[in-house]
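Engineer: Sharing a structure with you now.
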Amino acid sequence: MPKQNKTELSEKTLVTYQAVINGIRREIGLPKDEEDDGRWIVSNWAKILKVIKGSSSKHTAKNRASILKSWCDMFDLPEKYGQQLDIIMTELANEVYDDYSKNTMNEKQKENWLTVEELRGVLEKLRGKLPSSVTAIDTYGEYKQLLQYFMLLIHLDSPLRNDLACAKIYKAADLPDKQDPEINYISVGKTCKLYLNDYKTRSDYGVKVIDLGSDVSRDLNKYIEVFERMSPNRWFMMDRHDSNKCISRTTYTKWFNDIFSDMGKKVSSTQIRRAVVSDLYDVDENESKKKAELANKMGHSVAIASLVYAKAEPKK
């Protein structure tokens, strides 16, 4: 993994990026890691481009290209490699936008789709599997089972990305006055809150404080003693082997997938986000594309059309 003095990326981001790099290396037949200052990228360039092209989705391909671009920059590789990755990312971004504007599911999304109602059914099954007594939760396996319940519970209330992976949990009275900007915090009190300090779009929206719903608040208060007892360093999702660490975002995704494995579905936080938004919005096929075309004709943005001109029609 690159040394931190070569990059402005945080250690946590580097770990996430390294997992993606390891996956690419595995697909081209290389060992997990190698300290060769990025020369493996140059010597395997054609294979790497083939791996990107063969990614399971345009999003995965774009993510791989972006991370490889960071690796090229960190190791000061010749500009032609970064430039080619920039072209690939631009092409993929245009394809992704075109797919979004159609407001339709691809085949993979259809195969793994669950409605909000179905997701709530899964949540109830997870709730039913929890030990009847709070004090009965005393192994990491039981702790993980509780966490998976909370993952789905919180995501249905507040459809986040994988931002709970590195969160700490405190009773409201014990919440630190000064928070670490690379850690998210759950405050447990009469009203439970999530302090989002580290998330994908923080540079656009700043720190967020989210009021968690009444169901989440009720159960967090019920199980707070479990978190205090099982995780001495207050990580909400403590690493199995090191209580000083939280789990990685990659592990978080795997845990989410595990919840639905017996249903033959591969559901992640992104799929939950799609389901919750689709449940709220009445979406027609090609709706975004039509809105963009109309806004262009009217000489303003889609956001202005929605905010200023779109009105709920009176009921007859």
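Here the sequence shown stands for residues 748 to 1063, numbered as in the numbering used here. Glycine included, every Cβ here is placed at the ideal spot set by N, Cα and C.
1) When you compare the segment 914-922 with the segment 933-946, are there three or more beta-carbon pairs, one atom per stretch, that lie closer than 8 angstroms?
2) State the start and end residues of the unbroken beta strand (DSSP E) segment that holds L959.
3) Rounded to the nearest angstrom, how far is the Cβ of S813 from that of M836, given a contact under 8 angstroms?
4) Give the secondary structure of V935 by DSSP, where H, G and I count as helix, E and B as strand, and everything else as coil.
5) With respect to the beta strand (DSSP E) encompassing Y942, which residues constitute its N-terminal and C-terminal limits?
6) What ranges does the alpha helix (DSSP H) occupy inside the segment 768-849, keeping only unbroken runs of at least 4 residues that lie completely in it?
7) Using only CA atoms, which one of I775, H806 and S817 lies nearest to Q765?
8) Please report the straight-line C-alpha distance between L796 and V767, rounded to a whole angstrom.
9) Inspect the beta-carbon positions of K872 and R987 and report whether they are closer than 9 angstroms.
10) First and last residue of the beta strand (DSSP E) that includes Y952?
11) Does the segment 970-979 touch the segment 939-947, meaning 3 or more C-beta pairs lie closer than 8 angstroms?
12) Quick one: give me the first and last residue of the beta strand (DSSP E) that K891 is part of.
13) Report yes if the CB atom of P906 is closer than 9 angstroms to the CB atom of I771, and no otherwise.
14) I need the boundaries of the beta strand (DSSP E) containing I916, first residue and last residue.
15) Could you compute how far the alpha carbon of F974 sits from the alpha carbon of R981?
16) What number of angstroms, rounded off, separates the C-alpha of D904 from the C-alpha of Y999?
17) Put W860 into one of helix, strand or coil per three-state DSSP.
18) So that I know if they touch, is there some Cβ in chain D lying closer than 9 angstroms to that of S1008?
19) How should M1010 be labelled, buried or exposed, when 16 other C-beta atoms within 10 angstroms of its C-beta is the threshold for buried?
Structural biologist: According to the structure shown:
1) As far as the Cβ criterion goes, the segment 914-922 touches the segment 933-946, which means the pair count is three or higher.
2) No beta strand (DSSP E) contains L959, which DSSP labels as neither H nor E.
3) Between M836 and S813 the Cβ distance is about 6 angstroms, and since that is below 8 angstroms, they are a contact.
4) Strand, per DSSP.
5) Here the beta strand (DSSP E) through Y942 covers K940 to L943.
6) Listed in chain order, they are 786-790, 792-800, 805-821 and 826-848.
7) The shortest C-alpha separation from Q765 is found at S817.
8) When rounded, the distance between both Cα atoms is 14 angstroms.
9) Contact flag unset, no.
10) For Y952, no beta strand (DSSP E) run applies; the uninterrupted alpha helix (DSSP H) run containing it begins and ends at R949 to Y952, by DSSP.
11) Flag = no, the segment 939-947 and the segment 970-979 do not touch.
12) K891 -> not in any beta strand (DSSP E); alpha helix (DSSP H) instead, spanning Y887 to D904.
13) Against a cut-off of 9 angstroms, the Cβ pair of I771 and P906 comes out as no contact.
14) Start and end: A914 to K918.
15) Rounded to the nearest angstrom, the gap between the Cα atoms of F974 and R981 is 7 angstroms.
16) Rounded to the nearest angstrom, the two C-alpha atoms are 18 angstroms apart.
17) DSSP places W860 in coil when its eight states are reduced to three.
18) The chain labelled as chain D is not found in the depicted structure, where only one protein chain is given.
19) By the neighbour-count criterion, in which 16 or more other beta carbons inside 10 Å mark a residue as buried, M1010 falls on the exposed side.
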